[in-house]
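Worksheet: the structure to be examined is printed underneath.
Residue numbers (my numbering): 71 to 259.
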């Protein structure tokens, strides 16, 4: 099994602690006046989503997680189950609504997503950073509201709701940042 030395510690590293995969979300280095350097890692459990903090002295190592990141295509939703397919091997993966979490708001049929596998089982899925979605319903904008930062809820083709500027109308295509859920821009057709 591969290991990472303290000199390899950085954000985004996938490691294994107590038999479970973790993602390093923050890595800090401290060098006290005496003794070894101290590395403080904030780690997110890739299965449960919990966050913990661990300290390591210079020269210590940590086990690398046996995770694989693959590109998958979203096929369809059936009740509370979301089905994805690996385009290289044609393997299909089913994820529950809990595993997909709020990402369902961005998923359109045929969309390419990123999936993390641990021991051959899918543990997380993430959509592309930006998606373009068609507005299915929104209240009409009030004339003169374009000068201020007035927002209104809009419902998009996936069933998700987002805040968008007052000038957005039904039928418009908007770009959404999937990391924050924020409106980016109206897409010109």
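Cβ atoms here follow ideal geometry from the backbone N, Cα and C, with glycine treated the same way.
Going by the beta-carbon positions, is the gap between residue 113 and residue 87 smaller than 8 Å?
yes
In the DSSP assignment, the alpha helix (DSSP H) including residue 168 goes from what residue to what residue?
167 to 170
Of the residues 245, 188 and 172, which one's Cα is nearest the Cα of residue 89?
188
Pull up the distance between the alpha-carbon of residue 241 and that of residue 178, whole angstroms please.
16 Å
Cα separation between residue 183 and residue 196?
6 Å
Relative to the alpha-carbon of residue 263, which residue among 92, 121, 128 and 230 has its alpha-carbon at the smallest distance?
There is no way to answer for residue 263, as the model of the chain reaches only from 71 to 259.
DSSP state of residue 178 mapped onto helix, strand, coil:
coil
For residue 258, which residues from the same chain have a beta carbon less than 8 Å from its beta carbon, with the 5 sequence-adjacent residues on both sides left out?
none
Residue 260 vs residue 221 beta-carbon contact at 8 Å:
Outside the shown range of the chain (71 to 259) lies residue 260, about which nothing can therefore be said.
What does DSSP give as the partner residues of residue 191 in its beta bridges?
188
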